[in-house]
Amino acid sequence: MALTFYTNPMSRGRIARWMLEEVGAPYETVVLDYATTMKGEAYRSINPMGKVPAIVHDGHVLTEGAAICAYLADAFPEAGLAPPLSERADYYRWLFFAAGPVEHAVTNKSLGVTPTDDQQRMAGYGHFDLTVDVLEKAASANPYIAGESFSAADVYAGSQVAWGVMFGSLPKRAAFEDYLGRILSRPAYKRAGEIDDALIAQAGAAG
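Numbering (UniProt numbering), first residue to last: 1 to 207.
Next up, the structure:
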């Protein structure tokens with residue numbers, strides 16, 4: 001089955017890269033530039049939003065980081081990155097909590113948007129501090145976000161925590177640091193980072 005990965009190494013594509021390295025399936029990488037190819041007609045036929053990441057697997061298009069992680073876990077079950085169906089409640093819960101409330105809370109905070117008390121009833125994340133507290137409890141309740149075993153939910157939620165702590169969009173808390181210590185030591189994470197960092201260096205050398 002053909003698997004093509006569309007990305008930019010300085011983007012959320014790094015999440016999908018990590019997931020691809022975890023499943024271990026061969027894939028082709030297409031690197032897109034923000035100002036040109038990412039907004040071009042050819043790529044917009046794949047993702048009309050003109051955003052990365054995206055994958056095309058055997059002719060099927062997937063966009064959105066959390067969806068890509070969940071899909072790849074199911075498409076390559078031998079990697080063991082999704083729990084059995086009977087044990088997926090926490091897996092789905094925290095994967096999509098990271099993609100929904102956490103993403104929205106962090107984005108709004110970075111834009112200087114603070115919902116009023118009335119607006120908090122409409123916002124799915126309520127308010128930033130509440131979202132961070134819930135994320136902290138999820139990251140510390142078990143060794144991994146969905147229980148005792150590493151899963152695709154850790155790729156996505158863990159990436160959100162790692163970026164947030166690194167760039168200051170999430171507070172540095174002991175629970176986050178402990179959680180990151182468990183997941184960022186994985187060979188697939190290191191391998192994915194090396195690939196993307198090399199692409200960044202190549203782009204810099206090329207001007």
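Quick reminder that beta carbons are idealized off the backbone N, C-alpha and C, glycines included.
Own chain, CB closer than 7 angstroms to residue i, minus 5 neighbours either side, in chain order
{"i": "N142", "result": "E148"}
{"i": "P101", "result": "G124, Y125, T131"}
{"i": "D90", "result": "A146, G147"}
Chain-order list of residues whose beta-carbon lies under 8 angstroms from that of residue i (same chain, five-residue window excluded)
{"i": "E177", "result": "V165"}
{"i": "V30", "result": "T4, F5, Y6, T7"}
{"i": "A138", "result": "W94, F97, I145, A157"}
Nearest-angstrom beta carbon gap, residue j and residue i [assumed within contact, 8 angstroms]
{"i": "G65", "j": "A105", "result": "At roughly 16 angstroms, the Cβ-Cβ gap does not stay under 8 angstroms, so G65 and A105 are not in contact."}
{"i": "I200", "j": "P9", "result": "5 angstroms"}
{"i": "F76", "j": "V23", "result": "4 angstroms"}
{"i": "S140", "j": "A175", "result": "4 angstroms"}
{"i": "W18", "j": "A192", "result": "4 angstroms"}
Beta-carbon contacts of residue i that lie in its chain and below 6 angstroms, excluding the five residues immediately before and after
{"i": "A157", "result": "W94, A98, I145"}
{"i": "S159", "result": "I15"}
{"i": "L62", "result": "I55, I68, Y71"}
{"i": "G13", "result": "T7, V52, P53"}
{"i": "Y27", "result": "L3, F5, L20"}
{"i": "A73", "result": "L81, A82, A152"}
{"i": "L170", "result": "G164"}
Classification of residue i by the beta-carbon crowding that lies within 10 angstroms, buried from 16 upward
{"i": "S185", "result": "exposed"}
{"i": "R121", "result": "exposed"}
{"i": "M38", "result": "buried"}
{"i": "R44", "result": "exposed"}
{"i": "E103", "result": "buried"}
{"i": "F167", "result": "exposed"}
{"i": "D118", "result": "exposed"}
{"i": "D58", "result": "exposed"}
{"i": "V155", "result": "buried"}
Task: Contact between the region 187 to 203 and the region 120 to 137 (3+ Cβ pairs under 8 angstroms) - done: With fewer than three CB-CB distances shorter than 8 angstroms, the region 187 to 203 does not count as touching the region 120 to 137.
TODO: Taking only runs that begin and end inside the region 107 to 173, name each unbroken alpha helix (DSSP H) of 4 or more residues, in chain order.
DONE: As far as the region 107 to 173 is concerned, its whole alpha helix (DSSP H) runs of at least 4 residues are 117 to 120, 128 to 141, 152 to 167.
Open item on the list: So, does the region 70 to 83 touch the region 30 to 47, judging by three or more C-beta pairs under 8 angstroms?
Closed with: Flag = no, the region 70 to 83 and the region 30 to 47 do not touch.
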